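Under this note's numbering, the first residue of the sequence shown is numbered 96, with each subsequent residue one higher.
What follows is a short report on a single structure.
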Amino acid sequence: MPVKVRCRGCEKILNAPDKARGKVVKCPHCQTKLKVPEGKAAEGKTAPAKRAAAKSAKREGAKSLRKKAKKTSELLGDTDFFANLNVDQAEDTEHQICPYCATDLEEENDICPGCGMNVAIGQMDKREAKKRSRKGPDPALFYKGAWSDSTAFVKKHKSLALRTGSYLTIFIVLCWSCFFMNDYSTKGPPKFFWACCTFVSAMGLPGWYFFLSMKIVEFSMSKEKKLDRIHFDFFQCVTLGMRTIFWPLVMLIPFLPLIGLVAWLGLRKGDFRATFIIVGILGIFPLVVLPLAITHMTAKYTYKAWILWEMVKVFGKNIAPALYWVFLALVTLILPFGAVFWAIQIYGGGLNPYYNEHFVSIAESILTPIFAAADLGDPEGWMYKTVMVPLQFVMAFVFAVPLFLLTGFPMVFLMRANGLLAYYRQQHLDLVAKMGVNTPAGFWVRMLAYLIDLMLFPLASFIVTKERRFLLIAQLLNGIALAGYVLFGTEFTKVLMAPIWLSYNYWMYFAAQEATTQRTTIGKDAFGLIVSTQDDKKMSLGDATIRLASTLATLLTLGLGFLVCAFHPEKKTLHDMLSKTRVVWQGDR
Numbered sequence: 096m097p098v099k100v101r102c103r104g105c106e107k108i109l110n111a112p113d114k115a116r117g118k119v120v121k122c123p124h125c126q127t128k129l130k131v132p133e134g135k136a137a138e139g140k141t142a143p144a145k146r147a148a149a150k151s152a153k154r155e156g157a158k159s160l161r162k163k164a165k166k167t168s169e170l171l172g173d174t175d176f177f178a179n180l181n182v183d184q185a186e187d188t189e190h191q192i193c194p195y196c197a198t199d200l201e202e203e204n205d206i207c208p209g210c211g212m213n214v215a216i217g218q219m220d221k222r223e224a225k226k227r228s229r230k231g232p233d234p235a236l237f238y239k240g241a242w243s244d245s246t247a248f249v250k251k252h253k254s255l256a257l258r259t260g261s262y263l264t265i266f267i268v269l270c271w272s273c274f275f276m277n278d279y280s281t282k283g284p285p286k287f288f289w290a291c292c293t294f295v296s297a298m299g300l301p302g303w304y305f306f307l308s309m310k311i312v313e314f315s316m317s318k319e320k321k322l323d324r325i326h327f328d329f330f331q332c333v334t335l336g337m338r339t340i341f342w343p344l345v346m347l348i349p350f351l352p353l354i355g356l357v358a359w360l361g362l363r364k365g366d367f368r369a370t371f372i373i374v375g376i377l378g379i380f381p382l383v384v385l386p387l388a389i390t391h392m393t394a395k396y397t398y399k400a401w402i403l404w405e406m407v408k409v410f411g412k413n414i415a416p417a418l419y420w421v422f423l424a425l426v427t428l429i430l431p432f433g434a435v436f437w438a439i440q441i442y443g444g445g446l447n448p449y450y451n452e453h454f455v456s457i458a459e460s461i462l463t464p465i466f467a468a469a470d471l472g473d474p475e476g477w478m479y480k481t482v483m484v485p486l487q488f489v490m491a492f493v494f495a496v497p498l499f500l501l502t503g504f505p506m507v508f509l510m511r512a513n514g515l516l517a518y519y520r521q522q523h524l525d526l527v528a529k530m531g532v533n534t535p536a537g538f539w540v541r542m543l544a545y546l547i548d549l550m551l552f553p554l555a556s557f558i559v560t561k562e563r564r565f566l567l568i569a570q571l572l573n574g575i576a577l578a579g580y581v582l583f584g585t586e587f588t589k590v591l592m593a594p595i596w597l598s599y600n601y602w603m604y605f606a607a608q609e610a611t612t613q614r615t616t617i618g619k620d621a622f623g624l625i626v627s628t629q630d631d632k633k634m635s636l637g638d639a640t641i642r643l644a645s646t647l648a649t650l651l652t653l654g655l656g657f658l659v660c661a662f663h664p665e666k667k668t669l670h671d672m673l674s675k676t677r678v679v680w681q682g683d684r
């Protein structure tokens, strides 16, 4: 009996003869290739469709059946196109199609691009099955998109590239100027002031890169999020710039003893080549994991970016894309612009115009005739130098604008490539976006938090402002230390006040902060850690003081008490067990 087939091209229902079952024919209307179901040929028995129709007719009655027949007739229309069809002539034998979804197949390819079935073995291809079961974008698309998409991004956001170049120009000119003033100053306080200004200006360079990179990574990973107006914050850039110094140092902490030992041996021999070689080799790793670390710094929990072992594991899963990003950095930024800067430094008189002989001679040729004609004084006098320095600043700025303005374009290109790496490889980056409440914190993240706190605790009298009574005592000690220094000199401060002052600030920073409702210090809070009792409650000031005193026992073990945390089932150190406290993640409620 005929079998009904719906054409997926023109949506008409066609009647195919029994002999067309299992073959591929073309629709007479739109020439779409159709796979006629095999089924079973009629053998004198009532077909399932007829039996169903008969039962339906008995249930619904003859009247309802006539209505359905009329509607079906109107829907099908003239569809009996295969009545006199010569199937042997109508069958398409020139093109191979998939027997499962009727998609065209290439001559030498047995894998269907439509459904992924391997028609040779009649099973789903393993690669296609893995690809179709994947959640998120295809990681293989990163390599192509890193060029095309990043280029299109730079063209669309030229203002970001120009702003990046202009900020680089500002920071570099400020750094040059402050360095010149530091070199020009002879006395201690002014020289120290300009040295600090030089450092702060230098930190703005990598700080803006970090800031904008994290913004673009967030934009790239969230397709629904728009790249909103990005505001420039000088102090935020300086703060993030300091991260570029502390991040590789903190991450490479396990190697610092080795570097120190090699440096000590080199000091004894007067040869530091081995130290430079080790530092150079270790310095390569932060470069190759930089895009991975920036991605982790945009996550809610950033601690993996600071831990060497975690970065090694993440790098192991993303070796190819990370090295590909480094290749892009070499091709677009480091090699071309590095060659230009090197040529200017070697053959052009130096990058810093304040010390460039050509610029100095130009500035002198402008000012000397003016001073001579106006009789303004000796060219070596203070008035001449007062005018000379601003003129050199202007010349430095004019020199830096064309040089660094173009640098913004490859930098934004690399930022977008970093964002695409994060988007396409997000399933392999082990990003931590959620943490359970009161989950014990591990050894490395606690060590990082403690290092931050160790650097900040001398400033406790300025940054710990929750408890006014403790703050008043701290300020009183500051006053006594200052008055003692003025009246009795450094010996009074070193011998008497230093131990008292340091001990109180150490106690105020740790015990006073951990006993508040926040239950954390600045370093712990940066990673989302809190300190609590065994029952997950807030510590009293007495409990916090006992905990702080217990750390002395841990210190007496030469650090082994801290190392216990790495092996303890609840991640406890020796002073955690002595004080019956624990350090946990605040987590997501």
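For each residue, glycine too, the CB sits at the ideal point set by N, CA and C.
Remember, it's a predicted structure, so these values are computed and weren't measured experimentally.
| said: Closest to Phe275 by C-alpha separation, out of Thr676, Pro284, Ile265, Ala290, would be which residue? | reply: Looking up residue 275 in the sequence shown gives position 180. Minimum Cα distance to Phe275 is reached at Ala290.
| said: Suppose you measure from the CA of Phe499 to the CA of Arg363; what does that come to, to the nearest Å? | reply: Within the sequence shown, residue 499 is the residue found at index 404, counting from 1. Within the sequence shown, residue 363 is the residue found at index 268, counting from 1. For Phe499 and Arg363, the distance between alpha carbons rounds to 43 Å.
| When the Cα atoms are used, what is the spatial distance from Met406 to Leu382? | Here the question's residue 406 lines up with position 311 in the sequence shown. Here the question's residue 382 lines up with position 287 in the sequence shown. Here the C-alpha atom of Met406 lies approximately 12 Å from the C-alpha atom of Leu382.
| Contacts around Lys633, its chain only, beta-carbon distance under 6 Å, and the 5 residues preceding and following it disregarded | Within the sequence shown, residue 633 is the residue found at index 538, counting from 1. The residues are Arg614.
| said: Can you give me the C-alpha to C-alpha distance between Ile373 and Asn213, rounded to a whole angstrom? | reply: Position 278 of the sequence shown, counted from the start, is the residue given in the question as residue 373. Position 118 of the sequence shown, counted from the start, is the residue given in the question as residue 213. Each residue's alpha carbon lies about 53 Å from the other.
| query | Is the Cβ-Cβ distance between Gly260 and Leu425 less than 8 Å? | reply | Against the sequence shown, residue 260 aligns to sequence position 165. Against the sequence shown, residue 425 aligns to sequence position 330. No, the pair does not count as a contact, with Cβ atoms beyond the cut-off.
| Whose CA, out of Tyr398, Tyr449, Ser645, Asp631, lies closest to the CA of Asp525? | On the sequence shown, position 430 is the one that residue 525 refers to. Out of Tyr398, Tyr449, Ser645, Asp631, Tyr398 has the C-alpha closest to the C-alpha of Asp525.
| message | Considering only the alpha carbon of each residue, which of Ile568, Tyr419, Asp548 lies closest to Ala241? | response | If you number the sequence shown from 1, residue 241 lands on position 146. With distances taken between Cα atoms, Ala241 lies closest to Tyr419.
| field | Distance CB(Phe410)-CB(Leu387) smaller than 8 Å | value | Along the sequence shown, read from residue 1 onward, the residue named residue 410 stands at position 315. Along the sequence shown, read from residue 1 onward, the residue named residue 387 stands at position 292. For Phe410 and Leu387, yes; Cβs fall inside 8 Å.
| request: Within the same chain, show all residues whose beta-carbon is closer than 6 Å to that of Met490, passing over the 5 residues directly before and after it, in chain order. | output: Translated into positions along the sequence shown, residue 490 becomes position 395. These residues qualify, in order along the chain: Pro448, Phe454.
| field | Span of the alpha helix (DSSP H), counted from its first residue to its last, around Ala517 | value | Looking up residue 517 in the sequence shown gives position 422. Per DSSP, Ala517 belongs to the alpha helix (DSSP H) from 503–519.
| What are the start and end residues of each continuous alpha helix (DSSP H) run of 4 or more residues lying completely inside the region 366–406, in chain order? | List check, alpha helix (DSSP H) in window: 368–383, 385–392.
| message | For Thr676, list the residues DSSP reports as bridge partners. | response | If you number the sequence shown from 1, residue 676 lands on position 581. Answer by DSSP bridge pairing, in chain order: Thr628.
| query | Can you tell me the Cα-Cα spacing of Ser245 and Gly443, whole angstroms? | reply | As a first step, residue 245 must be located in the sequence shown, where it is residue number 150. As a first step, residue 443 must be located in the sequence shown, where it is residue number 348. In this model, Ser245 and Gly443 are separated by some 33 Å (Cα to Cα).
| task | Just the C-alpha distance for Trp404 and Pro485, rounded to the nearest angstrom, thanks. | result | Translated into the one-based positions of the sequence shown, residue 404 becomes position 309. Translated into the one-based positions of the sequence shown, residue 485 becomes position 390. Distance between the alpha carbons of Trp404 and Pro485: 50 Å.
| query | Alpha carbon to alpha carbon, what distance is there between Thr481 and Val268? | reply | On the sequence shown, residue 268 is found 173 positions in, with the first residue counted as 1. On the sequence shown, residue 481 is found 386 positions in, with the first residue counted as 1. Spanning the two alpha carbons is a distance of roughly 18 Å.
| Three or more C-beta pairs below 8 Å linking the region 519–534 and the region 389–396 | yes
| field | Length-filtered (4 minimum) alpha helix (DSSP H) runs lying within the region 559–586 | value | Fully enclosed alpha helix (DSSP H) runs of no fewer than 4 residues occupy 563–583 of the region 559–586, in order along the chain.
| task | Specify the secondary structure class of Ile325 as computed by DSSP and reduced to three states. | result | Counting from one through the sequence shown, the residue named residue 325 turns up at place 230. Reduced to three states, the DSSP call for Ile325 is coil.
| query | What is the C-beta distance between Ala661 and Phe538, in whole angstroms, given that I count them as a contact (C-beta under 8 Å)? | reply | Taking the first residue of the sequence shown as 1, we reach residue 661 at position 566. Taking the first residue of the sequence shown as 1, we reach residue 538 at position 443. Your pair Ala661 and Phe538 checks out as a contact, with CB atoms roughly 4 Å apart and the cut at 8 Å.
| said: Which same chain residues end up closer than 8 Å to Leu300 when comparing Cβ atoms and leaving out the 5 residues on each side of it in sequence? | reply: Position 205 of the sequence shown, counted from the first residue, corresponds to residue 300. Same-chain partners within the cutoff: Leu263, Phe266, Ile267, Cys270, Gly336.
| said: Using 8 Å as the threshold, is the C-beta distance between Val345 and Leu546 below it? | reply: Along the sequence shown, one-based indexing puts residue 345 at 250. Along the sequence shown, one-based indexing puts residue 546 at 451. Result yes, Cβ atoms of Val345 and Leu546 sit closer than 8 Å.
| Would DSSP call Met212 helix, strand or coil? | Locating residue 212 in the sequence shown gives position 117, counting from the first residue. DSSP places Met212 in strand when its eight states are reduced to three.
| query | Excluding five sequence neighbours on each side, which residues of the same chain lie with their C-beta closer than 7 Å to the C-beta of Thr652? | reply | Translated into the one-based positions of the sequence shown, residue 652 becomes position 557. Result list for Thr652: Leu669, in chain order.
| message | Within the continuous alpha helix (DSSP H) that includes Val268, where are the two ends? | response | Mapped onto the sequence shown, residue 268 falls at position 173. Unbroken alpha helix (DSSP H) run through Val268: 253–279.
| query | Are the beta-carbon atoms belonging to Ile712 and Val312 less than 8 Å from one another? | reply | Nothing about residue 712 can be reported from this structure: the residues present for the chain run from 96 to 684 only.
| Taking the alpha-carbon positions, what's the Gln331 to Ala644 distance? | On the sequence shown, residue 331 is found 236 positions in, with the first residue counted as 1. On the sequence shown, residue 644 is found 549 positions in, with the first residue counted as 1. If you take the alpha carbons of Gln331 and Ala644, they lie about 36 Å apart.
| query | When we look at the beta-carbon of Pro505 and count the other beta-carbons within 10 Å, is it buried (16 or more) or exposed? | reply | Mapped onto the sequence shown, residue 505 falls at position 410. Looking at its Cβ environment, which holds 16 or more other Cβ atoms inside 10 Å, Pro505 is buried.
| query | Taking Cβ to Cβ, would you say Val559 is nearer than 8 Å to Met592? | reply | For the purposes of this step, residue 559 is taken as residue 464 along the sequence shown, with counting starting at 1. For the purposes of this step, residue 592 is taken as residue 497 along the sequence shown, with counting starting at 1. Not a contact, by the Cβ cut-off of 8 Å.
| Near Phe306, what residues of its chain come up, given a Cβ to Cβ distance below 7 Å and the 5 sequence neighbours on each side ignored? | Position 211 of the sequence shown, counting from 1, holds the residue named residue 306. For Phe306, where only same-chain residues beyond five positions count, the Cβ hits under 7 Å are Gln331, Cys332, Leu335.
| query | Excluding the five sequence neighbours on either side, which residues of its own chain have a C-beta within less than 7 Å of the C-beta of Phe432, listed in chain order? | reply | On the sequence shown, position 337 is the one that residue 432 refers to. Thr502.
| request: Can you say whether Leu385 is buried or exposed, counting buried as having 16 or more other CB atoms within 10 angstroms of its CB? | output: The residue given as residue 385 occupies position 290 in the sequence shown. With a 10 Å radius around the Cβ and a threshold of 16 neighbouring Cβ atoms, Leu385 comes out buried.
| In chain order, what residues of the same chain have a beta carbon less than 6 Å from the beta carbon of Asp631, not counting five sequence neighbours either side? | Here residue 631 refers to the residue found at position 536 when the sequence shown is read from its first residue. Hits under 6 Å: Asn533.
| Can you tell me whether DSSP reads Ala111 as helix, strand or coil? | Residue numbering aside, residue 111 sits at position 16 when the sequence shown is read from its first letter. If DSSP states are grouped into helix, strand and coil, Ala111 belongs with the strands.
| query | Going by DSSP, which residues form a beta bridge with Val484? | reply | Within the sequence shown, residue 484 is the residue found at index 389, counting from 1. DSSP output for Val484 lists no bridge partner at all.
| Ser105: buried (16+ other C-beta within 10 angstroms of its C-beta) or exposed? | As a first step, residue 105 is located in the sequence shown; it is residue number 10 there, counting from the start. The sequence shown places Cys at residue 105, not Ser. With fewer than 16 other Cβ atoms within 10 Å, it is exposed.
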